[in-house]
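Colleague: Under our numbering, think of the first position of the sequence shown as 1087, with each following residue one higher.
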Amino acid sequence: MPDVAQGLVLMLPERIRLRKSKEFQRVYLDGKAFYGKFITLRVLSRGDLDDTRFGFAPSRKIRRAVDRNLVKRRYREICRKCYPFLKSGYDVVVNIKESAVTATFAELRDDFYGLLKRAGLFLTS
1087 MPDVAQGLVL MLPERIRLRK SKEFQRVYLD GKAFYGKFIT LRVLSRGDLD DTRFGFAPSR
1147 KIRRAVDRNL VKRRYREICR KCYPFLKSGY DVVVNIKESA VTATFAELRD DFYGLLKRAG
1207 LFLTS
């Protein structure tokens, strides 16, 4: 059951998640890459006005499942908080690097926001 605080669901809604392998492959093949310290952001414009969708893929170099899940949870939370300020109609894959395991939440957030800004995904960019 998802966490609920004062009627708010604190997780990414299913409509804004990339789930299928085909969706990830399309972004890898046709999307534009932006490289940061802790992640590689791959962005593909779908050409519609539907919600922007996110997929998270931790590196295989992150050996422990606990660490892989931790960084995915952190990036999902960062994404959830900035989502209302993003443009619609994009698919985004976040490839999480091994260095993200030892980074603080603030470092991860700043790197993520910087890449979103470089990709032109913020409404005010």
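Note that beta-carbon positions come from the ideal geometry of N, C-alpha and C, so glycine has one too.
Taking the straight line between their C-alpha atoms, what separation do you get for Ser1211 and Arg1160?
Modeller: The predicted model places Ser1211 with a pLDDT of 49, which falls under 50 and marks its position as unreliable; any figure quoted below should be read in that light. Between Ser1211 and Arg1160, the C-alpha separation is close to 24 Å.
Colleague: Less than 8 Å between C-beta atoms, sequence neighbours within five positions excluded: which residues of the same chain meet that for Lys1158?
Modeller: Phe1142, Pro1144 and Ile1182
Colleague: Please state whether DSSP places Glu1163 in a helix, a strand or coil.
Modeller: The three-state secondary structure of Glu1163, taken from DSSP, is helix.
Colleague: Determine the closest residue to Gly1175 out of Met1097, Leu1096 and Arg1103, with distance taken between C-alpha atoms.
Modeller: When each option's Cα is compared against that of Gly1175, the closest is Arg1103.
Colleague: Less than 9 Å separating the beta-carbons of Phe1198 and Gly1117?
Modeller: no
Colleague: Where do the ends of the alpha helix (DSSP H) carrying Asp1177 lie?
Modeller: Looking at the DSSP string, Asp1177 is not in any alpha helix (DSSP H); the run it does join, the beta strand (DSSP E), is Tyr1176 to Ile1182.
Colleague: Near Leu1135, what residues of its chain come up, given a Cβ to Cβ distance below 6 Å and the 5 sequence neighbours on each side ignored?
Modeller: Ser1174 and Gly1175
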